[in-house]
Amino acid sequence: MSYVDEVLAQVQQKNAHEPEFLQAVTEVLESIRVVVDANEEKYRKVALLERLVEPDRIITFRVPWTDDNGNVHVQRGYRVQFNNAIGPYKGGLRFHPSVYQGILKFLGFEQVFKNALTTLPIGGGKGGSDFDPHGKSDAEVMRFCQAFMTELYKYVGADRDVPAGDIGVGGREVGYLFGQYKRITDSYEGMLTGKGLTFGGSLIRTQATGYGLLYHTEEILKLNGQNLKDSVCVVSGAGNVAIYAIEKAQQLGAKVVTCSDSTGWIYDPDGIDVAVLKDVKEVKRARLTEYKAARPGAEYHEGKGVWTVKCDYALPCATQNELDLEDAKVLVANGCKGVFEGANMPTTLEATKYLQENGVLFTPGKASNAGGVATSALEMSQNSERLSWSAEEVDAKLKSIMYGIADTISDAAERYGMKGNYVAGANIAGFEKVAEAMIAQGVY
Ligand code: NDP
Ligand code: 2IT
2 MSYVDEVLAQ VQQKNAHEPE FLQAVTEVLE SIRVVVDANE EKYRKVALLE RLVEPDRIIT
62 FRVPWTDDNG NVHVQRGYRV QFNNAIGPYK GGLRFHPSVY QGILKFLGFE QVFKNALTTL
122 PIGGGKGGSD FDPHGKSDAE VMRFCQAFMT ELYKYVGADR DVPAGDIGVG GREVGYLFGQ
182 YKRITDSYEG MLTGKGLTFG GSLIRTQATG YGLLYHTEEI LKLNGQNLKD SVCVVSGAGN
242 VAIYAIEKAQ QLGAKVVTCS DSTGWIYDPD GIDVAVLKDV KEVKRARLTE YKAARPGAEY
302 HEGKGVWTVK CDYALPCATQ NELDLEDAKV LVANGCKGVF EGANMPTTLE ATKYLQENGV
362 LFTPGKASNA GGVATSALEM SQNSERLSWS AEEVDAKLKS IMYGIADTIS DAAERYGMKG
422 NYVAGANIAG FEKVAEAMIA QGVY
């Protein structure tokens, strides 16, 4: 049996109850097969793949918090410190009722390769809780964040592990988490990113994932003789990534006609009004029915449906496995020419395969959404030198990183005779860097 198949079988056996983690590992190991086959003896000798698929450690803890009526609730908190071969663990925190160890292991594993692609010195990690911020008051969110950090502070630090936001964790939550760390440790350090601009945050971090996705898309389209101007795009999600992806797509001349949240979706034939969307989601924290109320020309539909709208390009920006084989078939039938992932692993393995086989340009989240964590690393740099860079400076660095990633994954795919297979390119380029660092540092 080949080394890849051996390790895949072990991973399946040991992690049978973590389907998202199995999916992420399968995608990566399948696409680095050619590199592993060429270096089998060298990698086997140091059990490189076995070490790559096992997190350095997983911390699990109880998070008790008190609601506004004085009732006490208990949530589960986690931090998965996956791999720090190329820098301190780095990756977001997710607060969502679906969170369990398998989701955070998949996200931490993806983060290892994504962070390698940014070219910046950051390892991979992820954390979070099954806490649901929907419908909670600010005071309840604050008490939860304080309780969460009261345990997490023991394991993080500016040179050790630097969390940030993800689903359900934005500027408000990062502020409360930072405040509690500062209070407990009596130190003021850049141990979290996505901070407010008055206390060490970086300009453009809020916009970075969405803007970065579009810079990446621009470059991939350029490599393939296409561009966004006058194209029609569909976007899913209505959170941090989706909002700034829509904003930048419009700035680049595309018309974005959809967005979605966890209960329904919007079709706005005149193009999404970003100011209205920000007011509904960032200020009021309301449902998309409020968007419809403010835009009578738009349609609101319950459930899932953005992939049924005819488009040139699709940008999934909500959550994992939100675009399946049936959706991929509809996109292809409607003439979609490219799918660029803003979320982490939003496309199932079957859908990815179908899109690639039908000539649709496809880039995986670990490449196309890396702008968020890259700008987090720029925030870490600014914190270390105790300076703040201008928005223009950060945006220029973000752009150059995202163009660079597109070129790197394109080159890596070509080097191994898989031109245009950006999934293979991203996994190979990320893996090569991490593998070299792990081998150089000895067995641990
Ligand atoms: P947010 O919490 O800001 O937004 C998530 C959006 O997706 C919301 O509109 C949410 O609906 C919607 N949604 C629909 N279905 C689900 C579901 N089943 N689970 C969770 N959300 C759902 O998160 P982000 O925009 O930050 O993250 C979106 C994706 O991008 C995630 O995959 C995340 O891992 C990834 N990502 C985020 C980065 C960042 O910097 N924030 C960086 C790189 C990747 P509702 O409004 O009803 O809550
Ligand atoms: O998935 C991701 O890359 C993020 N949620 C951002 C992580 C970060 O540390 O900025």
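FYI, in the working numbering the residues of the sequence shown are 2 to 445. Don't be surprised by glycine CBs; every beta carbon is placed ideally from N, CA and C.
Query	Result
Report yes if the C-beta of threonine 119 is less than 7 Å from at least one heavy atom of the ligand 2IT; otherwise report no.	no
Mark asparagine 70 as exposed unless 16 or more other C-beta atoms lie within 10 angstroms of its C-beta, in which case mark it buried.	exposed
Report the CB separation of valine 340 from leucine 350 in whole angstroms; it is logged as a contact under 8 Å.	At roughly 14 Å, the Cβ-Cβ gap does not stay under 8 Å, so valine 340 and leucine 350 are not in contact.
Candidates Asp68, Phe83, Phe149 and Arg45: which alpha carbon is nearest phenylalanine 96's?	Phe149
My assumption, with CB atoms under 8 Å, is that lysine 106 sits in contact with proline 164. Please give the rounded CB distance.	That belief does not hold up - the Cβ atoms of lysine 106 and proline 164 are roughly 16 Å apart, past 8 Å.
Please report whether the beta-carbon of cysteine 260 lies at a distance below 8 Å from any beta-carbon of chain B.	Note that chain B does not occur in the displayed structure, where there is just one protein chain.
Measure from the alpha carbon of serine 389 to the alpha carbon of each residue in Gly103, Lys196, Glu415 and Lys282, then state which is nearest.	Lys196
Is it true that the region 78 to 94 meets the region 153 to 164, where meeting means three or more beta-carbon pairs spaced less than 8 Å apart?	yes
If you follow the beta strand (DSSP E) that lysine 282 is part of, which residue opens it and which one closes it?	Counting along the chain, lysine 282 falls outside any beta strand (DSSP E), and DSSP gives it neither H nor E.
Tell me whether cysteine 234 counts as near the ligand NDP, meaning its Cβ is closer than 7 Å to at least one heavy atom of that ligand.	no
Just to confirm my understanding: we take glycine 126, look at its own chain, exclude 5 residues before and 5 after, and list those with CB closer than 7 Å. What are they?	Arg80, Val81, Gln82, Phe83, Tyr90, Lys91, Gly92, Gly109, Gln112 and Asp162
Tell me the DSSP bridge mates of tryptophan 266?	Ser261 and His302
Can we say the region 43 to 52 touches the region 358 to 367, given the rule of at least three CB pairs closer than 8 Å?	no
Looking only at C-alpha atoms, which of Thr67, Val12 and Pro297 sits nearest to glutamate 141?	Thr67
Using CA coordinates, which residue listed in Val12, Tyr154 and Val29 is at the minimum distance from phenylalanine 62?	Tyr154
State the DSSP-derived secondary structure class of lysine 15, mapped to helix, strand or coil.	helix
If you measure between the beta carbons of alanine 430 and leucine 118, is that distance less than 8 Å?	yes
For leucine 399 and alanine 255, which I take to be in contact (beta-carbon distance under 8 Å), what is that distance rounded to the nearest angstrom?	So it is not a contact: roughly 19 Å between Cβ atoms.
Using three-state DSSP, classify threonine 309 as helix, strand or coil.	helix
As an exercise, report each continuous beta strand (DSSP E) stretch of at least 3 residues that is fully enclosed by the region 350 to 413, in chain order.	362 to 364
Does the Cβ-Cβ distance between glycine 405 and threonine 120 come in under 8 Å?	yes
Indicate, with yes or no, if the ligand 2IT has a heavy atom lying under 7 Å from the CB of glycine 93.	yes
Could you give the DSSP three-state label for leucine 53: helix, strand or coil?	helix
Is the CB-CB distance between valine 64 and valine 73 below 8 Å?	no
Skipping 5 residues on each side, what residues in its chain have a beta carbon closer than 6 Å to that of alanine 378?	Leu121 and Ile123
When you measure from the CB of histidine 97 to every non-hydrogen atom of the ligand NDP, does any distance come out below 7 Å?	yes
At what residues does the alpha helix (DSSP H) containing leucine 153 begin and finish?	139 to 153
If I follow the unbroken beta strand (DSSP E) through proline 65, where does it start and stop?	58 to 67
Using only CA atoms, which one of Met143, Met381 and Tyr216 lies nearest to glutamine 181?	Met143
Can you tell me where the beta strand (DSSP E) with asparagine 84 in it begins and where it stops?	73 to 84
What did DSSP end up calling tyrosine 101 once you bin it into helix, strand or coil?	coil
Return the Cβ separation of glutamate 323 and serine 382 in integer angstroms, given the expectation that the two are a contact with Cβ distance under 8 Å.	Not confirmed; about 33 Å, so no contact.
Got a sec, what are the start and stop residues for the beta strand (DSSP E) tyrosine 90 sits in?	90 to 96
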